[in-house]
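First up is the structure itself, then whatever we jot down about it.
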Amino acid sequence: MTQRPPLPPFDESSARAKVQAAEDAWNSRDPERVALAYTEDCVWRNRHEFITGRDEIRAFLRRKWEKELDYRLRKELWSWSGNRISVCFRYEWHDAGGQWWRSYGNEQWEFAPDGLMRRREASINDVPITEGQRESPA
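Residue numbers (my numbering): 75 to 212.
This is the structure:
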């Protein structure tokens with residue numbers, strides 16, 4: 075059995091580490107790397123899409139990063155309890171036409187005992203911004 079530390083139940087330190095690991099993985103923009111953090115049968119709600127399993131997660135991420143160019147994400151721990159973590163996040167990207175966007179959202183995560191995420195619920199809103207309104211890259 076593969077484990078993905080830190081494992082639940084989470085305390086503040088382990089929850090922060092889990093959030094940072096997720097931020098780092100998503101900023102790689104590598105669908106294969108990101109998908110390995112989820113159970114084989116993970117269930118997502120992402121905006122209006124409902125996704126089940128790693129294959130659908132990989133396909134979703136490929137589509138996402140083909141559209142959301144120069145994607146850069148920041149996540150912040152909101153709360154945690156047992157095997158659940160809540161985060162708020164923001165990310166910036168531009169479309170093929172050069173329009174910049176900042177996307178804001180909240181996620182609720184539920185983890186299996188092995189530390190893989192088995193459920194992800196995400197609500198996200200997009201706001202058009204000018205290049206001058208961008209946050210500086212990390």
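The beta-carbon is built from N, C-alpha and C at its ideal position, and this holds for glycine as well.
query                                                                                                                                                       : result
Grab me the residues of residue 131's own chain with a C-beta within less than 8 Å of its C-beta, minus the 5 sequence neighbours each way, in chain order. : 105, 108, 109, 112, 116, 118, 125
Could you give the C-beta distance for residue 181 and residue 161, rounded to a whole number, given that I count them as a contact under 8 Å?              : 5 Å
Are at least three pairs of beta-carbons, each pair with one atom in the stretch 83-93 and one in the stretch 167-178, less than 8 Å apart?                 : no
Which residue's Cα is closest to the Cα of residue 177: 136, 87, 203, 134?                                                                                  : 203
How should residue 147 be labelled, buried or exposed, when 16 other C-beta atoms within 10 angstroms of its C-beta is the threshold for buried?            : buried
Express the C-alpha separation of residue 121 and residue 141 in angstroms, rounding to a whole number.                                                     : 15 Å
Using three-state DSSP, classify residue 111 as helix, strand or coil.                                                                                      : coil
Could you check where the alpha helix (DSSP H) with residue 136 kicks off and where it finishes?                                                            : 128-141
Tell me the DSSP bridge mates of residue 185?                                                                                                               : 191
Quick one, are the C-beta atoms of residue 172 and residue 197 less than 8 Å apart?                                                                         : no
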